[in-house]
Every structure is written in C-alpha cells, then in structure tokens.
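Working notes, structure below.
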Amino acid sequence: MTLRPVLLACALCAAFAAPAPAQAQTRGLQEILADAPASAWRDLDPERTLYMDLEAGRVVIELAPAFAPAHARNIATLAHGHFWDGTSIYRVQDNFVAQFGDVDGEDPEKAKDLGRAARKLPAEFEREAAGLDFHRLPDADGWAPEVGFVDGFPAGRDPHEGKAWLAHCYGMVGAGRNAEPDSSIGAELYAVIGQSPRQLDRNITLVGRVVKGIELLSSLPRGPEPMGFYEDPAQRTPILSVRLASEVPAGERLRLQALRTDSAAFAELVEARRNRRDDFYKRPAGHIDLCNVMLPVRVAAD
Numbered sequence: 000m001t002l003r004p005v006l007l008a009c010a011l012c013a014a015f016a017a018p019a020p021a022q023a024q025t026r027g028l029q030e031i032l033a034d035a036p037a038s039a040w041r042d043l044d045p046e047r048t049l050y051m052d053l054e055a056g057r058v059v060i061e062l063a064p065a066f067a068p069a070h071a072r073n074i075a076t077l078a079h080g081h082f083w084d085g086t087s088i089y090r091v092q093d094n095f096v097a098q099f100g101d102v103d104g105e106d107p108e109k110a111k112d113l114g115r116a117a118r119k120l121p122a123e124f125e126r127e128a129a130g131l132d133f134h135r136l137p138d139a140d141g142w143a144p145e146v147g148f149v150d151g152f153p154a155g156r157d158p159h160e161g162k163a164w165l166a167h168c169y170g171m172v173g174a175g176r177n178a179e180p181d182s183s184i185g186a187e188l189y190a191v192i193g194q195s196p197r198q199l200d201r202n203i204t205l206v207g208r209v210v211k212g213i214e215l216l217s218s219l220p221r222g223p224e225p226m227g228f229y230e231d232p233a234q235r236t237p238i239l240s241v242r243l244a245s246e247v248p249a250g251e252r253l254r255l256q257a258l259r260t261d262s263a264a265f266a267e268l269v270e271a272r273r274n275r276r277d278d279f280y281k282r283p284a285g286h287i288d289l290c291n292v293m294l295p296v297r298v299a300a301d
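Using numbering that gives the first Met the number 0, you'd call the opening residue of the sequence shown number 0 and step up by one each time.
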C-alpha cells in the first residue's frame with residue numbers, strides 16, 4: 000500500500016490485581032471530569048497546534064514534536080507559508096483515512112511551491128524511549144510489549160529494544176509517503192477515520208492527532224475503491240487555510256484543554272472504562288485496548 004505525498008498509579012495496579020466486586024459501582028465519565036481539578040488539565044500549546052479551516056468548520060490538530068521533531072518543524076514551516084491554503088481533502092477511504100494536501104504534488108509542473116520547507120526529512124517511525132514520561136496501561140496489546148500515553152498521545156514501547164513510537168489510533172495524523180521510508184516531508188497528511196490500522200505503527204511517521212473536529216473528516220463521502228481517491232475533482236473538500244494557532248489572533252483561537260494523561264482523573268477514567276459496573280453492563284471486561292481510551296478535551300472556561 001502506498002500513501003501519498005500511565006505507569007498508572009499504584010492504586011490502579013492494585014485494583015487490576017484484585018478487581019472490585021461485580022456489584023460495585025464506578026463513577027461515570029461526566030462525574031470524573033466534573034471533579035477533575037484544574038491541575039489535571041493542560042492548555043494546548045499554540046506553537047504546536049494547527050487549525051485547518053473547512054467550509055464546514057475547524058479541525059484542530061495537535062502536533063507531536065517529541066516523536067517527530069523534523070516533521071513537526073516542517074509542518075509548521077508549511078503552515079506559516081500558507082502551503083495548504085486552497086488545497087483539498089482528495090482521498091477518503093472507508094474505514095481507513097482521510098488524506099489531504101496538494102493533489103498535484105507529484106507533478107513538477109503543477110506542484111505547489113513548498114516555500115522554505117525542507118525537501119528531504121528522515122523517517123521518524125520511532126525514537127529512543129529514554130526521556131519520555133510514559134504512562135503505561137495495565138493490559139496486554141497485540142502490537143507492542145507495552146502501551147500507554149505520552150503527553151496525551153497513544154504510544155507503544157519495547158523495553159528490550161529501548162524504543163517507543165506513536166500508535167495508529169482513531170484521529171491520529173500521519174505523513175503520507177511512497178515506498179522509500181524517508182519519502183515523507185509532512186506536505187501530504189492523513190487522519191485515521193476508521194478502525195485503528197495498527198499494522199502501520201513503526202512504518203509511517205505519525206505527526207500528531209486531531210483533538211477537535213474529527214467528525215468533519217470522518218463524515219465525508221467515501222471515494223471509490225480501492226483506495227478512496229476522488230475521481231471527480233468536484234468531490235474534493237476545499238481547505239480554506241491551515242495555520243498555526245500561534246499565528247491566529249488571540250480572539251479567534253479556541254482555548255482548548257486536554258486531560259493530562261499523568262493525572263489521577265485520567266487513571267480513574269481508564270479504570271472506569273476497563274471495568275464498567277453501571278446497571279447496563281452485566282460482565283465487566285477487565286481489559287481495554289489502547290485505541291479505545293479516549294482523551295477528553297474541553298474548551299477552557301473564561
């Protein structure tokens with residue numbers, strides 16, 4: 000296939016080792032979030048937040064420079080140069096991805112000017128695990144020896160190799176490439192809109208995730224088989240602009256906050272989803288998949 004251009008708290012571990020009785024009730028998501036202190040939330044950094052404006056609304060993407068620093072810098076450079084303004088979402092493949100960028104990017108005579116952006120970047124499929132504040136989930140995963148979260152991003156880790164990488168969960172954003180590992184520069188991006196294609200982990204550079212507006216991408220009409228590229232240009236979704244939040248006037252920014260994945264509130268949320276004990280659930284699962292752990296995001300109160 001070609002794409003174009005926590006450790007958790009000890010209390011949680013103890014709960015996993017000795018599950019609460021089936022009849023015990025756990026607090027729901029809304030209760031947990033309502034009681035989460037201000038310290039459990041973090042503001043999105045405007046220097047690594049992208050606003051992609053469509054006619055239907057705004058898609059907000061948080062970049063992950065801790066995992067893909069070269070791509071994050073290049074994407075910021077492209078956004079500063081208004082590279083994506085006037086381009087489109089030209090591919091929507093059912094149960095897979097929505098891809099956007101310059102549809103003529105591979106035609107030297109028609110491709111948009113990349114401006115000051117780099118024309119060559121290293122593949123950033125994984126990085127050294129040392130130095131990361133990795134908050135591990137307690138459950139087994141079929142794609143990585145350990146899984147958890149780093150700064151709100153779903154990630155895998157191999158302690159024997161000493162490597163860590165981002166995971167292809169719903170809403171994650173990657174840099175499309177050709178067959179060569181180092182053929183992506185961040186100009187062609189895709190967002191996962193289907194079941195998590197974890198087989199792509201460590202094979203494509205993931206650059207961030209959609210934190211708001213994913214429904215604007217996942218609800219788009221699907222392109223034809225086999226890969227969802229629109230045959231009729233009129234079907235493409237125009238991109239009005241892509242800008243760094245830091246370059247948007249303060250009054251036009253969305254003051255978004257994400258729940259800290261190193262917080263007690265997030266640990267409680269994970270456990271509540273691992274073992275649903277409300278009246279509807281008759282058999283708590285005692286397990287959760289990495290990509291089924293949601294990252295709560297809210298608009299900060301004034």
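We put the CB at the ideal spot given by N, CA and C, even for glycine. From a predicted model like this one, the values you see are computed outputs, not experimental measurements.
**Prompt:** From residue 131 to residue 109, what does the alpha carbon distance come to, in whole angstroms?
**Reply:** Roughly 42 Å between the two C-alpha positions.
**Message:** Looking only at its chain, what residues have a beta carbon closer than 8 Å to the beta carbon of residue 33, apart from the 5 residues adjacent to it on each side?
**Reply:** Cβ within range, chain order: n/a, list empty.
**Prompt:** DSSP on residue 206, reduced to helix/strand/coil?
**Reply:** strand
**Sequence ranges, beta strand (DSSP E) only - wholly within the segment 33-108, length at least 3** = Within the segment 33-108, the complete beta strand (DSSP E) segments at least 3 residues long are 40-42, 48-53, 56-62, 87-91, 96-100, listed from N- to C-terminus.
**Asked** When we look at the beta-carbon of residue 299 and count the other beta-carbons within 10 Å, is it buried (16 or more) or exposed?
**Response** With fewer than 16 neighbouring CB atoms inside 10 Å of its own CB, residue 299 falls in the exposed class.
**Prompt:** Where does the unbroken alpha helix (DSSP H) through residue 145 begin, and where does it stop?
**Reply:** Note, residue 145: premise wrong, no alpha helix (DSSP H); beta strand (DSSP E) at 145-149.
**Prompt:** Are at least three pairs of beta-carbons, each pair with one atom in the segment 30-44 and one in the segment 191-206, less than 8 Å apart?
**Reply:** no
**Asked** Can you tell me whether residue 274 is buried or exposed, with buried defined as 16 or more other CB within 10 angstroms of its CB?
**Response** Buried, by the Cβ-count rule.
**Prompt:** How would you label residue 95, buried or exposed, when you count the other beta carbons within 10 angstroms and need 16 or more for buried?
**Reply:** buried
**Request:** Classify residue 112 as buried or exposed, calling it buried when 16 or more other Cβ atoms lie within 10 Å of its own Cβ.
**Result:** exposed
**Item:** Same chain only: Cβ atoms within 6 Å of residue 210, ignoring 5 sequence neighbours per side
**Value:** 59, 61, 296
**residue 266 - DSSP class collapsed to helix/strand/coil** = Here residue 266 sits in helix by DSSP.
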